[in-house]
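A.B. asks: Structure below; questions to follow.
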Amino acid sequence: MKKGDHLFLVDGSGFIFRAFHAIPALNRKSDGLPVNAVSGFCNMLWKLLTDARDTSVGVTPTHFAVIFDYSSKTFRNELYPEYKANRSAPPEDLIPQFGLIRHATKAFNLPCIEIEGYEADDIIATYARQAEAIGADVTIISSDKDLMQLVTPNVHMYDSMKDKQISIPEVIEKWGVPPEKMIDLQALTGDSTDNVPGVPGIGPKTAAQLLEEFGDLDTLLARAGEIKQQKRRENILANAELVKISRQLVTLKTDTPVDMALEDLMLHPQDGPKLIAFLKAMEFTTLTRRVAEATGTDASAIEPAAVPVEWGAAAHGPDLDKGEASGGPAAPAAAEPAKLDAPKAATPAGARESEAFAIERAGLFKDQPIDRSLYETIRDIATLDRWIADARETGLVAFDTETNSLDAMQADLVGFSLALSDSRDTGRPGTIRAAYVPLGHRSGSDDLFGGNDLAPNQIPMAEALPRLRALLEDPAVLKVAQNLKYDYLVMKRHGVEVKSFDDTMLISYVLEGGIGTHGMDPLSERWLGHTPIAFKDVAGSGKSLVSFDRVEIDKATAYAAEDADVTLRLWFAMKPLLAARGLTSVYERLERPLVPVLARMEERGISVDRQILSRLSGELAQGAAALEDEIYQLAGERFNIGSPKQLGDILFGKMGLPGGAKTKTGQWSTSAQVLEDLAAAGLELPRRIVDWRQLTKLKSTYTDALPGYIHPETKRVHTSYSLASTTTGRLSSSEPNLQNIPVRNAEGRKIRTAFISTPGRKLISADYSQIELRVLAHVADIPQLRQAFADGIDIHAMTASEMFGVPVEGMPSEVRRRAKAINFGIVYGISAFGLANQLGIERSEAGDYIKRYFERFPGIRDYMEATKAGARDKGYVETVFGRRIHYPDIRSSNPSVRAFNERAAINAPIQGSAADIIRRAMIRIEPALVEAKLNARMLLQVHDELIFEVEDAEIEATLPVIVDVMENAAMPALSMRVPLKVDARAAHNWDEAH
DNA sequence: CCCCAACCGTA
DNA sequence: GTACGGTTGGGGG
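So for the first sequence, the UniProt record's numbering puts the first residue at 1; every next one is plus one.
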């Protein structure tokens with residue numbers, strides 16, 4: 001540093017408190033995290049860094065530092081134990097912001113300085129004097145009177161909130177004394193907030209007058225007897241010693257042992273991406289935009305940083321991948337298994353506060369009932385532009401598409417709706433406005449003679465789409481949707497890629513997994529007590545169903561705008577609860593990022609060979625027909641074999657076979673199990689029925705149905721994944737379900753040969769080996785299981801060996817089969833009844849097995865008991881990543897209902913943790929492939945398996961990338977006690993790849 | 001036309 | 001014993 005340089009010193013700690021009280025507390029992140037002080041801080045820093053010359057500071061800094069108090073205990077407490085003793089704890093909403101402001105400082109590439117045992121003011125004083133000595137100028141960003149003693153011709157202060165420079169004249173004007181006498185003045189007056197004693201009856205005015213008269217404090221104390229006013233004289237004489245202590249307390253140290261030299265405070269250029277990542281994480285949309293513009297950074301390409309939030313004493317939910325996104329060191333410490341039997345941790349104060357806030361915000365619109373008559377239909381570009389400008393101004397918009405099909409791969413855009421509220425930026429409950437923009441509605445009926453014309457007064461699609469794209473692709477505007485994956489796909493097919501979004505369905509899924517469903521209508525009922533217009537009341541149903549482009553525009557407006565309105569209200573109600581319950585990481589790491597990943601998988605689809613299916617269908621038809629003839633012969637009459645009722649009547653009524661089980665409704669059961677038992681007794685007919693069922697099942701469900709799902713344009717099959725329809729966190733697949741394609745026997749596996757790669761490519765199938773048992777070994781921490789997985793030995797054989805004392809070498813297959821059934825049973829929340837069923841043995845024998853198993857693996861029993869107890873206690877269980885799965889019926893008085901819930905509660909953390917792991921792998925795999933410059937495309941997920949389509953030339957390079965990402969998917973959030981193992985191979989069809 | 005039960009394919 | 005979705009038959013409206 002040299003003469004002429006200009007050092008800015010920001011009083012960070014002082015700023016936090018001032019900004020916190022100056023900016024409305026409703027200024028929060030969308031998940032409820034209070035960020036008002038952080039917001040003010042960032043805006044102030046940005047202003048000073050870019051614009052200081054245009055403020056009343058009038059100069060641009062060359063050096064810059066932000067200074068913080070380290071802790072409340074400093075050397076002053078040794079001097080005077082009562083110093084700052086009357087400080088109360090900071091407000092709960094402020095606590096998490098202390099850490100965030102330090103993160104902000106670092107994001108701005110600024111030194112963040114704090115020293116144990118010293119106050120920020122001492123550090124500031126030290127640097128100010130050092131710089132001044134060199135001949136540099138100093139501006140202290142603070143308006144705290146405690147710092148005014150530092151002001152000189154070269155050292156100034158700046159009140160950033162009032163944009164006011166504080167120099168010598170300003171100090172004199174305010175306090176009546178020049179800066180160098182501020183110490184004496186403060187010593188005389190004391191400071192009630194810091195608990196610094198002063199002289200009773202002496203305030204700033206009197207103190208200034210006395211100092212004017214006597215020159216300085218020492219002279220005043222020496223000649224106090226000359227003071228004319230009796231009371232004042234007595235008070236000063238009585239408190240002379242205390243005043244000397246006060247003077248020491250208020251005198252700032254200018255020799256604080258600072259680590260960083262002045263040179264180190266030199267201002268560096270902003271790191272645009274780093275800063276933007278932080279600002280996005282804080283959801284400061286306006287500042288993000290400004291920084292992006294100023295640094296020439298493409299903000300849309302930057303992911304929000306993972307900023308750890310500390311609520312104070314108690315942990316605040318699992319902090320997934322702390323440091324991962326910020327590029328810091330990984331934290332591979334093994335997470336403890338859920339200690340469900342431990343005393344419950346006290347709810348963090350911050351969490352309580354946030355929950356209260358969430359409830360308050362949920363009720364924000366209570367006095368603003370949903371009124372469909374207020375919805376607007378936007379029919380001209382000027383109005384649309386105004387709405388989009390408003391959305392960009394508030395940074396928040398609910399969005400919903402209306403299309404002519406429920407299938408996102410076929411749907412054409414018919415219109416879209418928007419809902420806005422200005423609540424976020426004003427900190428007050430705003431008015432919700434919602435509108436529908438019809439684009440492709442048609443007039444009249446779609447008969448053969450016309451009626452296909454566009455209805456009048458609609459904005460042309462070609463003019464609306466670019467405007468919509470500007471909004472949806474703007475990373476500074478948070479788009480809120482319900483089941484966004486659908487809208488994301490529709491818009492992607494229209495050339496628009498949504499960036500920055502929230503999905504109310506996924507928020508609900510994270511908050512209330514296991515409680516109800518997460519569709520918009522049930523959510524509206526539960527959270528808003530409002531019943532939205534039913535789709536069928538707008539578009540009809542069944543035979544009278546019309547596509548949405550035939551719906552009259554006024555009706556469409558009421559329906560569509562309401563959807564956006566409700567979605568926005570749901571978001572306001574639910575989003576804050578994520579943070580309040582410590583579930584933000586689950587949502588942001590396991591749910592939200594999967595939306596574009598799944599959308600791309602669905603869009604890609606998989607190639608299915610029509611010819612193979614057609615040939616198989618013929619073979620199956622022939623086989624079934626032959627069996628039908630034999631069945632009618634054996635039964636002595638023709639009947640509908642596919643009707644379990646008719647079949648039961650024939651078998652157990654007419655033919656008088658020994659009936660096995662009965663169904664819930666009292667009918668004879670004709671399940672495969674019952675028929676197999678009869679077949680085992682040598683009966684022909686049941687055998688034929690079982691075979692016939694298999695063939696007709698394959699035919700109707702697969703070979704006949706799949707061709708109907710081949711997309712007319714892509715010629716591929718595009719399944720749809722549901723992110724929020726299982727309780728455990730698994731995905732589900734439908735239309736068609738590609739997660740239940742046969743594999744277990746040769747006949748069924750033929751179906752898989754129809755799933756093929758395009759020429760020049762192959763399919764890679766990569767599946768986790770025994771992932772659920774590995775998760776079990778991890779969470780229950782079972783030494784033998786951990787050892788077996790570490791050594792890579794056959795887990796079922798090991799179990800059998802432990803239980804029955806049989807050596808693994810030369811083990812009879814039946815022994816291993818039983819152990820395998822027990823291992824599976826454990827994962828499913830074993831019961832003697834179920835195991836007996838599975839193995840075809842007596843309940844008592846199954847019970848003995850279980851008993852023996854628990855003797856050998858007592859940790860498993862402990863885990864199961866602890867899981868049940870925890871579920872009973874809290875109403876939910878958790879996966880290793882903190883996903884909650886609720887079991888509201890686990891306390892049912894009905895023993896079978898209760899037992900069922902207990903088994904499900906035992907299974908859920910295991911199945912759910914495995915599901916979370918593959919979710920993480922799926923989120924990471926695409927960036928990893930891009931990084932490796934590979935073109936593999938992920939197509940399908942089948943719970944523990946991922947299917948890719950890969951160019952022939954890249955297969956060898958791709959396999960290890962996929963395996964690596966999958967095997968390490970739990971890291972670094974969780975370092976498992978057992979390794980994950982993935983098998984992967986490539987082939988031209990799914991059967992051979994698997 | 002809608003819904004449920006039974007059955008069966010997958011992990 | 002856990003978690004799903006699809007097909008069929010069949011009852012009720």
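Heads up, the beta-carbon is just placed ideally off N, CA and C, and yes, glycines get one too.
Do the CB positions of residue 1027 and L252 come within less than 8 Å of each other?
C.D. replies: Nothing in the structure corresponds to residue 1027, since the chain is present only between 1 and 994.
A.B. asks: How big is the Cα-Cα spacing for G513 and S585?
C.D. replies: Position 513 of the first sequence holds residue 513. Position 585 of the first sequence holds residue 585. Their Cα atoms are separated by approximately 15 Å.
A.B. asks: What does a CB cutoff of less than 8 Å around E132 pick up in its chain, not counting 5 residues either side in sequence?
C.D. replies: Within the first sequence, numbered from 1, the residue matching residue 132 stands at position 132. Cβ neighbours of E132 beyond the five flanking positions: V138, T152, N154, V155.
A.B. asks: Does the beta-carbon distance from D255 to T126 come in below 8 Å?
C.D. replies: Along the first sequence, read from residue 1 onward, the residue named residue 255 stands at position 255. Along the first sequence, read from residue 1 onward, the residue named residue 126 stands at position 126. Yes; because the gap between Cβ atoms is below 8 Å, this pair is in contact.
A.B. asks: Mind checking whether L570 and T504 have CB atoms under 8 Å apart?
C.D. replies: Numbered from 1 along the first sequence, position 570 holds the residue referred to as residue 570. Numbered from 1 along the first sequence, position 504 holds the residue referred to as residue 504. Cβ distance < 8 Å, so L570 and T504 count as in contact.
A.B. asks: What separation, rounded to the nearest whole angstrom, lies between the Cα atoms of L340 and K874?
C.D. replies: Numbered from its first residue, the first sequence carries residue 340 at position 340. Numbered from its first residue, the first sequence carries residue 874 at position 874. Model confidence at L340 stands at a pLDDT of 25, short of 50, so the residue's coordinates are unreliable and nothing is read from them.
A.B. asks: Excluding the five sequence neighbours on either side, which residues of its own chain have a C-beta within less than 8 Å of the C-beta of R469, listed in chain order?
C.D. replies: Sequence index remark: in the first sequence, residue 469 carries index 469 (1-based). Cβ within range, chain order: G495, V496.
A.B. asks: DSSP three-state label for P658, please.
C.D. replies: As a first step, residue 658 must be located in the first sequence, where it is residue number 658. Reduced to three states, the DSSP call for P658 is coil.
A.B. asks: Among Q248, T753, P522, which one has its Cα closest to the Cα of I533?
C.D. replies: Numbered from its first residue, the first sequence carries residue 533 at position 533. Taking only the C-alpha atoms, the option nearest I533 is P522.
A.B. asks: Quick one: residues in its chain with C-beta nearer than 6 Å to the C-beta of S547, no 5 flanking neighbours on either side, listed in chain order?
C.D. replies: Counting from 1 along the first sequence, the entry for residue 547 is found at position 547. Counting only Cβ-Cβ distances below 6 Å, and skipping sequence neighbours, we find N404.
A.B. asks: Looking at C-alpha atoms only, which residue of P596, Y436, V566 is the closest neighbour of F501?
C.D. replies: Counting from one through the first sequence, the residue named residue 501 turns up at place 501. The residue with the shortest Cα to Cα distance from F501 is P596.
A.B. asks: Could you tell me whether the stretch 819-826 touches the stretch 787-801, using the rule of 3 or more Cβ pairs below 8 Å?
C.D. replies: Cβ pair count under 8 Å is three or more, so yes.
A.B. asks: State the DSSP-derived secondary structure class of Y158, mapped to helix, strand or coil.
C.D. replies: If you number the first sequence from 1, residue 158 lands on position 158. Note: Y158 maps to strand in three-state DSSP.
A.B. asks: Within this structure, are the beta carbons of A910 and V982 separated by less than 8 Å?
C.D. replies: Counting from 1 along the first sequence, the entry for residue 910 is found at position 910. Counting from 1 along the first sequence, the entry for residue 982 is found at position 982. Per the sequence presented here, residue 910 reads as Ile, with Ala not at that position. Contact: no.
A.B. asks: Suppose you measure from the CA of A558 to the CA of T377; what does that come to, to the nearest Å?
C.D. replies: Residue mapping note: residue 558 aligns to position 558 of the first sequence, counting from 1. Residue mapping note: residue 377 aligns to position 377 of the first sequence, counting from 1. Rounded to whole angstroms, A558 to T377 spans 9 Å at the Cα level.
A.B. asks: Evaluate F833 with the Cβ neighbour count: other Cβ atoms within 10 Å of its Cβ, from every protein chain shown; 16 or more gives buried, anything less gives exposed.
C.D. replies: Along the first sequence, read from residue 1 onward, the residue named residue 833 stands at position 833. F833 should be labelled exposed.
A.B. asks: Taking the alpha-carbon positions, what's the D425 to I23 distance?
C.D. replies: By one-based count along the first sequence, residue 425 stands at place 425. By one-based count along the first sequence, residue 23 stands at place 23. Confidence in D425 is poor, its pLDDT being 45 and thus under 50, which makes the residue's placement too unreliable to answer from.
A.B. asks: In the DSSP assignment, find the unbroken beta strand (DSSP E) run with R433 in it and report its ends.
C.D. replies: Stepping through the first sequence from its first residue, residue 433 is reached at position 433. Looking at the DSSP string, the run of the beta strand (DSSP E) that includes R433 is 433-438.
A.B. asks: Run through the DSSP bridge pairs and tell me what V877 is partnered with.
C.D. replies: As a first step, residue 877 is located in the first sequence; it is residue number 877 there, counting from the start. BP columns for V877 point to I885.
A.B. asks: At what residues does the alpha helix (DSSP H) containing M44 begin and finish?
C.D. replies: Within the first sequence, numbered from 1, the residue matching residue 44 stands at position 44. Element bounds for M44: 36-51.
A.B. asks: Would you mind sorting P858 into buried or exposed? The rule is 16 or more other CB atoms within 10 Å of its CB.
C.D. replies: Along the first sequence, one-based indexing puts residue 858 at 858. That one is exposed.
A.B. asks: From the DSSP output, read off the bridge partner residues of G946.
C.D. replies: Position 946 of the first sequence, counted from the first residue, corresponds to residue 946. This sequence places Leu at residue 946; Gly is not what is there. Note: L946 sits in a beta bridge opposite A766, Q941.
A.B. asks: If we require 4 or more residues per run, which alpha helix (DSSP H) segments fall completely within the stretch 197-242?
C.D. replies: Entirely contained in the stretch 197-242, the alpha helix (DSSP H) runs reaching 4 residues are, in chain order, 204-214, 217-222, 230-238.
A.B. asks: Under 8 Å, do Y829 and I906 count as touching if we go by C-beta distance?
C.D. replies: Locating residue 829 in the first sequence gives position 829, where the first residue counts as 1. Locating residue 906 in the first sequence gives position 906, where the first residue counts as 1. Checking the sequence shown, residue 829 turns out to be Gly, not Tyr. It is a contact, given that the beta carbons lie within the stated cut-off.
A.B. asks: Go ahead and pull the three-state DSSP assignment for D983.
C.D. replies: Here residue 983 refers to the residue found at position 983 of the first sequence. DSSP places D983 in strand when its eight states are reduced to three.
A.B. asks: Using alpha carbons as the reference points, say which of K868, L939, A957, D767 lies closest to A914.
C.D. replies: The count along the first sequence starts at 1 and reaches residue 914 at position 914. Looking at the Cα atoms, D767 is the closest of the given residues.
A.B. asks: What distance in whole Å lies between the Cβ atoms of V498 and L472, which are believed to be in contact at a cut-off of 8 Å?
C.D. replies: Along the first sequence, one-based indexing puts residue 472 at 472. Along the first sequence, one-based indexing puts residue 498 at 498. So it is a contact: roughly 5 Å between Cβ atoms.
A.B. asks: DSSP state of V10, grouped into three classes?
C.D. replies: Here the question's residue 10 lines up with position 10 in the first sequence. Note: V10 maps to strand in three-state DSSP.
A.B. asks: In chain order, what are the residue ranges of uninterrupted alpha helix (DSSP H) at least 4 long that sit wholly in the stretch 688-739?
C.D. replies: Within the stretch 688-739, no complete alpha helix (DSSP H) run reaches 4 residues.
A.B. asks: Do you know offhand how far V250's Cα is from R76's?
C.D. replies: Walking along the first sequence from the start, residue 250 turns up at place 250. Walking along the first sequence from the start, residue 76 turns up at place 76. Distance between the alpha carbons of V250 and R76 is about 9 Å.
A.B. asks: How far does the alpha helix (DSSP H) with D122 in it reach, from first residue to last?
C.D. replies: Position 122 of the first sequence, counted from the first residue, corresponds to residue 122. D122 -> alpha helix (DSSP H) spans 120-134.
A.B. asks: Comparing alpha-carbon positions, which option in C42, I140, M161, A136 lies nearest L9?
C.D. replies: The count along the first sequence starts at 1 and reaches residue 9 at position 9. It is I140 whose Cα lies nearest to the Cα of L9.
A.B. asks: Count the C-beta pairs between the stretch 719-728 and the stretch 958-977 that are closer than 8 Å, then say yes if the count reaches three, no if not.
C.D. replies: With a cut-off of 8 Å, the stretch 958-977 and the stretch 719-728 do not count as touching, because too few Cβ pairs lie within range.
A.B. asks: For the candidate residues E992, I16, Y702, G810, whose alpha-carbon lies nearest to that of P90?
C.D. replies: As a position in the first sequence, residue 90 is number 90, starting the count at 1. Residue I16 is the option with its Cα nearest to P90.
A.B. asks: Which term fits D474, buried or exposed, when burial requires 16 or more other beta carbons within 10 angstroms of its beta carbon?
C.D. replies: Position 474 of the first sequence holds residue 474. With 16 or more Cβ atoms within 10 Å of its Cβ, D474 is classed as buried.
A.B. asks: Evaluate K750 with the Cβ neighbour count: other Cβ atoms within 10 Å of its Cβ, from every protein chain shown; 16 or more gives buried, anything less gives exposed.
C.D. replies: Counting from one through the first sequence, the residue named residue 750 turns up at place 750. Under this definition K750 is a buried residue.
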